[in-house]
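Here's the structure, in structure tokens; my notes come after.
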Amino acid sequence: MKYKTLKILKARKNARKRNQTTEKAIQALIIGLALVLVLLAGCSYSIVPYETKIEYGTTDTDSEDSDKDKFNEKKSITQTWRWIND
Numbered sequence: 017m018k019y020k021t022l023k024i025l026k027a028r029k030n031a032r033k034r035n036q037t038t039e040k041a042i043q044a045l046i047i048g049l050a051l052v053l054v055l056l057a058g059c060s061y062s063i064v065p066y067e068t069k070i071e072y073g074t075t076d077t078d079s080e081d082s083d084k085d086k087f088n089e090k091k092s093i094t095q096t097w098r099w100i101n102d
């Protein structure tokens, strides 16, 4: 009687391990398929430049001594992108 119970418990433990392994494999498969679908759906879209802004300017600081005047040039480029459907 004692050994029969032990065999049943070991069989249940092994069955639980198989179920957990199967569940993990199914989850990985579902995630993989979802990723493939997202990538395939994303292939019909492309990114293109939508708007480009160029800003530049000069600022100067006057000081009492003309040798210590400062000039600053500021330049910036800002570009925005847009998804379009091919």
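Under the working numbering, residues 17 to 102 are what the sequence shown spells out, in order.
Note that beta-carbon positions come from the ideal geometry of N, C-alpha and C, so glycine has one too.
Between the CA atoms of residue j and residue i - distance to the nearest angstrom
i, j, result
"K91", "G48", "45 Å"
"W99", "T68", "15 Å"
"Y66", "K29", "60 Å"
"I70", "L53", "39 Å"
"Y19", "I42", "35 Å"
"Y72", "T96", "18 Å"
"R34", "A27", "11 Å"
"T21", "R32", "17 Å"
"T74", "L56", "48 Å"
"T94", "D81", "37 Å"
Nearest-angstrom Cβ-Cβ length linking residue i and residue j, presumed shorter than 8 Å
i, j, result
"D76", "K84", "Not a contact, Cβ separation roughly 12 Å."
How about the stretch 59-76 and the stretch 36-43: do they share at least three Cβ pairs that are nearer than 8 Å?
-> no
| task | Just list the beta strand (DSSP E) runs in the stretch 29-80, keeping only unbroken ones of 3 residues or longer that don't cross its boundaries, in chain order. | result | Correct list: 61-77.
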